[in-house]
Amino acid sequence: MGHVMEKIMADVYVRWLRLGGHQVRFQVGTDEHGSKMEQTAKKEGMTPRELVDRNVQTFTSLYDRLGISYDVFIRTTDKKTHWPTVNALWRKLRDAGMLQKRTYTGLYCSGCERFLTKKELVDGLCPDHLRAPEEVSEENWFYALKKDADFLTDLLKNETLQIIPSSRSHEVLSLLERGLEDASFSRPTSSVAWGIPVPDDEGQTMYVWCDALTNYISGLGYFTDHEQKEWWESATITHVIGKDIARFHALLWPSMLKTAGIKTPEQILMHGFITSDGQKMSKSLGNVVNPVEVVEKYGVDALRFFLSHEIPVGNDGDFSWKRFSEIYQSKLGNQLGNLMNRVLTLMIKGNIEISPDMPHPTDMDKTITAKWKHYSGFFDSFSLSEAVQQAMDIVTFCNQMMQTHEVWNHERKNEFLSEFCESLRHIALMLLPFIPDSAQKMSKQLGAPYAESMLNRDFVITKELQTWGGCTDWTHVGTPEILFPKVD
RNA sequence: CGCGGGGUGGAGCAGCCUGGUAGCUCGCGAGGCUCAUAACCUCGAGGUCCCCGGUUCAAAUCCGGGCCCCGCACCCA
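So the first sequence is numbered by this note's numbering: it starts at 1012 and just counts up by one.
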C-alpha cells in the first residue's frame, strides 16, 4: 500500500505539471537484484530471472490499473538499458578515487545469511536462530562518503537540495553531524551472485546503491550513445521516495552524482508509511490491505482520492476500511456525486441551456478564482491534500447555495444553475490530476466541449479554462449518471 | 542517556515554527428542505488540548522535567 501511495502521489503531481503545460518525464522502476531475490526464488523453486519477470508483470499491471502515467519503467536487471550506465558510473566513481576495496569483518549468522550488528544480538546469540554468529571477513568495495560530508551539509543547508517535508531535512542533517559512515558498495560474488558484476573485478557483485540509485539516470541513457541529458541538466529533478531510504537519496546519491560531474537533484519528496487500523501492516497481524482489493470494490479513483485527501504528504497515514468507506460515501458520493446529479437533473428537467453570459461578479465566481489560486499554491508546496480540498470546498459551497436559495423553485433558477454547472466544470478540472477518470466523466456529463481530450497527455488547463465563463462554446449539458454508487 | 514520530471532545486528524475566542471529517441529537445517490442545509451536545513546573498581561502553542504509545530486524510495503 505504501508503494502504491508513492506512485499515486507522484502521478498526481506529474499530471498537474502536464496540465500546466510543462514537459514532464515520469520515471518509475524496480530494484530486482540482491540476495533476497535469490532466496525467494529458491524458495519458490524458480530462477531469479523468472521471479523478477513475474514481479514486474505484477507491478506494471498494477500501475496501469491505478492510472500511473509513467513515461519510462526501468528494470535494474535490464542489461541493455540499465547496466551500461551503471558500469560507466562505477568506473567514474572508482577513477575519482571514491571507491576503495577493504576488508569487512562482522558477525555473520548463517541462519539469517547476513551480518548482524552487536546490538541485534541477545546474550551474544542471534535472536532468531539462537546461535552464536561467527566472525567472518570478506572483501567489499566501499564508497568514501565521509569525504563529501561538507559538500552534503552545504547542499542541504542552503537548500540546493530541498527535502520535503523540511523536518526530514533536519533528520538528515543530524545524521551528518553525528558523522557519516562510508557505504559498502559490493559483496563477494560467492555470497551474492544475482546482481551486476563489478567492472574489472570478477569476484565482486555490486550492492544495491550503485545499482539501484543509478536508475534515475540510466533511464535517460546516461553515458551511452543515446543520452538524453536535457531531461536532467535543464530540468527540475524531483525524487519521490519513502522515508526509510532518506539517507541514501539525500546523502549517498548526491555525492555519487557530484563525483560523476552531474548536477544534484532539486527536490526529494519523502512520504511516510501507511498503517492499517493504526497498526503497522504485517502478514502476521493479518491486516495487510491489498490495493487491488480496494480498487475492485470502490474503483481506482476512490483509492486515489482517499490517499490524496486523507494523507498529508510527508506524514504517516492510516488506512482503515471503515474510514475509506466513510470518505467514499460522504465526500465522493453524497457531496460531489450528488451535487452533479441534482444540478444536471434540474438542468435536464427544466430543459435549460448554459447561459452564454455567465453572471459575474458573483460570490461563486469570486470563490472559484480564489480557490484556483490556493489550489496551485498548495501544489507548489506539495500539499496535495490541501489542493484537493480546494475543489471539495467549492462542492460544499454549491450545496449550500442550492439550499439557501432554494434554487429549484427560484425565479432566477436558470442563472443559478448555469453558475453551478460552471462551478462543476471548474471542480472537475481541479480534480483531474487526482481522479482523472471521474473528472472526465463529470466533464462529459456536463457537456464540456474539451471533455473527450482531457485525458490526453498534451491537454492543458489554459487560463481561459480557468476563467469564470471561460468556456465559450458550451451550451448543453448531458445526462447525469451516478458517478460514485453506494458500495456495501 | 541510539534516532525519530506522536499523545487535542466517541473515532481519525489539523492547529504548535510566527503565543491571544480550540478547528475539520466521521459519528451522535434536534430542526429545515425535498431538486438530488434516504442525499442536501442549519443549529446543538460533547474537550482538565498526557502530567508537573517555568516564562508571559496571556500557552494546545515557547522553555525545563516526567509519564505513556508507535516506528527504526524480518514479514508487509
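No residue lacks a Cβ here, since even glycine has one placed at the ideal position from N, Cα and C.
Opening and closing residue of the beta strand (DSSP E) in which residue i lies
i       : result
Pro1199 : Ser1197 to Pro1199
Asp1368 : Where Asp1368 is concerned, there is no enclosing beta strand (DSSP E), given that its DSSP letter is neither H nor E.
Thr1051 : Segment Ser1046 to Lys1054 is the alpha helix (DSSP H) holding Thr1051; no beta strand (DSSP E) there.
Trp1461 : In the sequence under discussion, the amino acid at residue 1461 is Tyr, which differs from the Trp named in the question. Run containing Tyr1461: none; DSSP gives neither H nor E here.
Met1281 : Gln1278 to His1282
Ile1252 : Thr1249 to Gly1253
Asp1329 : Gly1328 to Phe1330
Thr1216 : Gln1215 to Met1217
Proximity below 8 angstroms, CB of residue i to CB of residue j
i       : j       : result
Ser1434 : His1320 : no
Val1203 : Ser1387 : no
Ser1195 : Tyr1227 : no
Thr1225 : Gly1214 : no
Trp1485 : Pro1447 : no
Asp1193 : Gly1206 : no
Ile1019 : Arg1315 : yes
Ala1439 : Leu1466 : no
His1044 : Thr1088 : yes
Pro1210 : Ile1248 : no
Thr1114 : Ser1148 : yes
Arg1258 : Val1183 : yes
Phe1393 : Ile1252 : no
Lys1254 : Arg1179 : yes
Leu1347 : Val1303 : no
Trp1479 : Ile1379 : yes
Phe1445 : Val1023 : yes
Where the alpha helix (DSSP H) through residue i begins and ends
i       : result
Asp1404 : Leu1395 to Thr1415
Tyr1386 : Asp1374 to Asp1391
Ile1438 : Lys1424 to Leu1442
Met1351 : Asn1349 to Lys1360
Ile1285 : It is not in any alpha helix (DSSP H) - Ile1285 instead sits in the beta strand (DSSP E) that spans Ile1285 to Ser1287.
Trp1264 : Trp1264 to Thr1270
Ser1185 : Ser1177 to Glu1188
Glu1150 : No alpha helix (DSSP H) holds Glu1150; the beta strand (DSSP E) holding it covers Glu1145 to Tyr1154.
Gln1477 : Lys1474 to Gln1477
Asp1161 : Ala1160 to Lys1168
Pro1302 : Pro1302 to Tyr1309
Ser1229 : Asn1226 to Ser1229
Glu1500 : No answer is possible for residue 1500: it lies beyond the span of the chain, which begins at 1012 and ends at 1499.
Alpha-carbon to alpha-carbon, residue j and residue i
i       : j       : result
Pro1367 : His1487 : 11 angstroms
Leu1166 : Ser1336 : 44 angstroms
Glu1426 : His1371 : 11 angstroms
Ser1331 : Val1305 : 11 angstroms
Gln1451 : His1437 : 12 angstroms
Ser1229 : Val1097 : 7 angstroms
Thr1373 : Asn1420 : 20 angstroms
Cys1409 : Ala1381 : 15 angstroms
Tyr1233 : Phe1431 : 51 angstroms
Leu1357 : Asp1329 : 39 angstroms
Gln1401 : Leu1442 : 9 angstroms
Met1057 : Lys1091 : 23 angstroms
Ala1313 : Val1399 : 13 angstroms
Val1025 : Asp1391 : 12 angstroms
Val1418 : Leu1494 : 23 angstroms
Tyr1309 : Arg1102 : 50 angstroms
Leu1163 : Asp1212 : 29 angstroms
Thr1041 : Asn1169 : 32 angstroms
Gln1278 : Arg1353 : 43 angstroms
His1250 : Met1369 : 42 angstroms
Thr1490 : Gln1340 : 22 angstroms
Asn1345 : Ser1454 : 18 angstroms
Arg1029 : Val1015 : 21 angstroms
Gln1173 : Leu1262 : 12 angstroms
Arg1065 : Met1048 : 12 angstroms
Trp1027 : Cys1482 : 20 angstroms
Thr1286 : Val1498 : 23 angstroms
Asn1301 : Leu1343 : 21 angstroms
Trp1152 : Thr1216 : 10 angstroms
Pro1208 : Arg1198 : 10 angstroms
Leu1062 : Val1299 : 22 angstroms
Quick check: the stretch 1257 to 1276 against the stretch 1155 to 1167, are there 3 or more CB pairs under 8 angstroms? yes
Can we say the stretch 1032 to 1046 touches the stretch 1073 to 1082, given the rule of at least three CB pairs closer than 8 angstroms? yes
Runs of beta strand (DSSP E) lying entirely within the stretch 1039 to 1115, each at least 3 residues, in chain order: 1083 to 1086
If we count Cβ pairs, one from each stretch, closer than 8 angstroms, do we get three or more for the stretch 1096 to 1112 versus the stretch 1147 to 1156? yes
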